[in-house]
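Undergrad:
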Amino acid sequence: MTLVIGEVPQEILSAYYRERFPYDFMVHMLTHGGVDPEGWSLAHREQGLCIATNFDDLMRRYQAPADAAEWRQLLGTNTRRLRKVDVGAVYYAPPAAIEAIREGRKLADMVARRELVFDVDLNDYRDVRFCCGSTATCCTACWPLAHAAAVLLDALLRADLQCTKVAWFFSGRRGLHCWVCDEKCALLTDERRSRLLLFIEGERSRLLAGGEPTASVERAARTLHASFERFVAQHRLFVDATRRAAFLGDLALPAAFVRTWEAAGEFTFASMTSICTAMLESRAERHHLARRRHVALEVLLKCFAPRLDAGVTRDRAHFIKLPFSVHPKTGFVCTPLTLDEVRTFVPERDALHVTRCDAARMATRIAVAERALLLDAVVVVDASAEDELNDE
Ligand SMILES: [Zn+2]
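The numbering used here puts the last residue of the sequence shown at 397; the count rises by one with no breaks.
#1: Do Ala377 and Gln239 count as a contact pair if the criterion is CB distance below 8 Å?
#2: Closest to Gly38 by CA distance: which of Lys170, Ser210 and Ala94 is it?
#3: Taking only heavy atoms of ligand 1 into account, decide whether any of them is closer than 7 Å to the Cβ of Ala146.
#4: Determine the closest residue to Ala261 out of Phe252, Val244 and Met277, with distance taken between C-alpha atoms.
#5: Nearest-angstrom Cα distance between Cys144 and Asp255?
#6: Buried or exposed: Tyr21, going by 16 or more other Cβ atoms within 10 Å of its Cβ?
#7: List in chain order: all unbroken alpha helix (DSSP H) runs of 4+ residues lying wholly within the region 292-348.
#8: Within a Cβ cutoff of 6 Å, which residues of the same chain sit near Ala57, ignoring the five residues on either side of it in sequence?
#9: For Trp173 versus Leu306, is the C-beta spacing smaller than 8 Å?
#10: Report the three-state DSSP secondary structure of Leu87 (helix, strand or coil).
#11: Between which two residues does the alpha helix (DSSP H) harbouring Val370 extend?
#12: Closer than 6 Å by C-beta to Ser199: which residues in its own chain qualify, once you throw out the five before and the five after it? Chain order, please.
#13: Considering only the beta carbon of each residue, do Pro333 and Val125 sit closer than 8 Å?
#14: Out of Phe329, Leu285, Gln68 and Thr142, point me to the one whose CA is closest to Arg25's CA.
#15: Could you tell me the alpha carbon to alpha carbon distance between His292 and Ala257, rounded to whole angstroms?
#16: Cα separation between Ile17 and Ala141?
#17: Taking 7 Å as the limit between beta carbons, can you name the residues of its chain near Leu80, skipping five residues before and five after?
#18: Check the C-beta distance from Phe243 over to Phe272 and give it rounded, since I have them as a contact under 8 Å.
#19: For Cys339 and Lys326, I'd like the C-alpha separation in whole angstroms.
#20: With DSSP as the reference, identify every bridge partner of Pro50, one or two as the case may be.
#21: Looking at C-beta atoms only, is the number of pairs between the region 207-222 and the region 293-305 that lie closer than 8 Å three or more?
#22: What does DSSP give as the partner residue(s) for Gly44 in the beta ladder?
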């Protein structure tokens, strides 16, 4: 079948949820491989169904099928006008009962647990993206922004937060979603998630204030130098005088450094890096940089640091697109990718489209998520072993 990227006909969406959507795997993922059946109960997990009506799309909240069979019935059979499926938190009570029992309390207060999730949307990079920015999609010229965000965030999550169950998903349109399924993240409050965001997004201001970079970020950024150089050239960020001025605008780089770089006349990241290194090594010139010892890294991060949708990460009751669901405007399935696949990803070529997701392709994608979330390595602790743990 030919790949048609655009509004997906209703019957194709319905057929996908009837015949292809991996219900069993998604139950496995959302219940964390059965590690704590009560805690991760599917019957307490909110889903939001977007239903097409004659006028507009309507969001039906507080849906919570109890198992794979009920779920298939809900998406595949019952809902002929289903457009989109989102997933939210696990509540203390069945979601359908929440409104009746919350008595004015915030929805977040009714949340029992939730994975840590992140949303990177290339729409948030308008100041550095001069390719397909006006359209609702992305292209190979701007995708390096998504890859860089993933590399930097992944490094920080693993090295600084010691997370091990980190999975990346193509959002289906122009970005990436990240799911962190480590049990220790499940109980983080909205406040703690908010502080975590401040830490992640605070790297640039720490450097601006003369601080040292987070080691994991600095290491990961070094692997992105070549990609950043290509990105800068492709989008003419340094060569074009107007873009250069706009780019350097809020960086407040030391004036002597910028003068030396511009006088050298080579508007590349490599020349910027070598001027920075030379200045740091020169007794006579070191003072020009004052406390800014990492200006090259600051420049890279201005463009490549992850720009995250705060609400998605901070608010536990916020929805995110259900993995393996279809984006109704592109027909692309929200599919797991390894970081290496993210690096070489070309949406039209590599994204799983609803018209071509055969069983083999689905199995490959499921295996990627299983590996990332360590789902095949779930060990069920038997009662006696658990007693021993409790005794200590
Ligand atoms: Zn683009």
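Every residue gets a Cβ at the ideal spot worked out from N, C-alpha and C, and that includes glycine.
TA: With the given structure in hand:
#1: no
#2: Lys170
#3: yes
#4: Out of Phe252, Val244 and Met277, Met277 has the C-alpha closest to the C-alpha of Ala261.
#5: A straight-line Cα-Cα distance of about 27 Å links Cys144 and Asp255.
#6: buried
#7: 300-309, 315-319 and 344-348
#8: Arg86 and Arg88
#9: no
#10: strand
#11: Rather than Val, the amino acid found at residue 370 in this sequence is Arg. It spans Ala364 to Ala377 - the alpha helix (DSSP H) in which Arg370 sits, taken as one unbroken run.
#12: Arg319
#13: Remark: C-beta atoms of Pro333 and Val125 do not approach each other more closely than 8 Å.
#14: Closest option to Arg25, Cα to Cα, is Phe329.
#15: The straight-line gap separating the alpha-carbon atoms of His292 and Ala257 is approximately 16 Å.
#16: 21 Å
#17: Excluding sequence neighbours, Leu80 sits near Tyr22, Phe26, Leu87 and Val90.
#18: 4 Å
#19: 8 Å
#20: According to the sequence shown, residue 50 is Arg rather than Pro. According to DSSP, Arg50 bridges with Val95.
#21: yes
#22: According to DSSP, Gly44 bridges with nothing at all.
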